[in-house]
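Numbering (this note's numbering), first residue to last: 504 to 818. Beta carbons are placed, not taken as given, at the ideal position from N, Cα and C, and that holds for glycine.
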């Protein structure tokens, strides 16, 4: 089903990303946990790297990067322990408005009767316990309503992982149950802290990821960062029409390379970038190979992103 063009016309294009954002947990060799799958994916529009700590996070980041209704992504984001302004009110690319404030994770934990379960660290200098800020996976900024809105996305490999403590080896069954209970409470604290500001929380798991789509998006985003499609503007209409009639992509690339005197590899990368720009509509749920026709999509790339993010973007 095609998403109405009116929906795309409603996007608030005045909202701008924050290229200076720094994640609370960087996906680098020294900063990332040793058990993580750290990776940085450069965002062609935001012009900065999106840090992911697992394969599932990387797959979600690719989908978010290709979604036109996502104008910014804060990954590995620190959740305020105390009351704080709405994230959009402190975002440099969004207008100031009367939005509800966040209560903070401490008050959210207190409301749940789980204040003792909130992470804390003993401060030797002050001789007292101090709260440790919780860290969320993705805070997504959407422009599908005037002034924008936010959605908190929590990511795990499987749905079961939301109720199981990871990276901790329990010494007994009782300790395992206690750790699992703490994991459930931690997600509840995160959810309620964001909900206090009207920000919903949705869950994304590795079970939602299509392998062919993830592979294709990785190649497409990598090509988009090369910014070679601009060299194909004079041949863009020809490329799109030939792909639509089922021509072999490699033969198209060879012809364009000859006529424009370009390296064929640059033409291939530019054709991938045309998909990122929504100029080419091809089936991304099948491997894209240059020696076989690219089947037409029953949805555009914009619509793919919308479908995958349906729980996120639905008003």
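Counting along the chain, the unbroken beta strand (DSSP E) around residue 555 starts and ends at 551–555. Within the region 517–572, the runs of alpha helix (DSSP H) at least 4 residues long that lie entirely inside it are, in chain order, 558–568. Here DSSP, grouped into helix, strand and coil, assigns residue 574 to strand.
Shortest Cα-Cα distance from residue 661 to any of 517, 557, 696, 588 involves 557. Cβ neighbours of residue 547 within its own chain (closer than 6 Å, five residues either side excluded): 727, 728. When secondary structure is reduced to three states using DSSP, residue 620 falls in the helix class. In the displayed model, residue 728 falls within coil according to three-state DSSP, outside both helix and strand. At a Cβ-Cβ threshold of 8 Å, residue 738 and residue 712 do not count as neighbours. Straight-line spacing of the CA atoms in residue 637 and residue 517 works out to 31 Å. Residue pairing by DSSP puts residue 645 in a beta bridge opposite 573, 652. Assignment of beta-bridge partners to residue 706 by DSSP yields 657. Rounded to whole angstroms, residue 717 and residue 659 show a C-alpha spacing of 16 Å.
Nearest neighbour of residue 790 by Cα position, chosen from 522, 800, 608, turns out to be 800. In the three-state reduction of the DSSP assignment, residue 599 falls in the coil class, being assigned neither a helical nor a strand state. Approximately 6 Å separates the beta-carbon atoms of residue 742 and residue 755; this is inside 8 Å, confirming the contact. Fully enclosed alpha helix (DSSP H) runs of no fewer than 4 residues occupy 767–779 of the region 765–808, in order along the chain. For residue 590, no alpha helix (DSSP H) encloses it, and the DSSP letter there is neither H nor E. Annotated as distal: residue 666 and residue 639, with beta-carbon spacing of 8 Å or more.
Check the Cα spacing between residue 653 and each of 565, 594, 683, 524: the tightest is with 594. Residue range 631–634 is occupied by the beta strand (DSSP E) that includes residue 634. When the alpha-carbon of residue 623 is set against those of 609, 616, 614, the nearest one is in 609. Within the DSSP secondary-structure output, residue 585 pairs in no beta bridge. Between residue 527 and residue 535, the C-beta spacing is not below 8 Å.
Note on geometry: alpha-carbon atoms of residue 643 and residue 538 lie some 25 Å from one another. Residue 759 sits in a helix when the DSSP states are folded into three classes.
564 is the residue among 564, 523, 690 whose C-alpha sits nearest the C-alpha of residue 541.
Of all alpha-carbon atoms in 733, 606, 664, the one lying nearest the alpha-carbon of residue 683 is that of 664.
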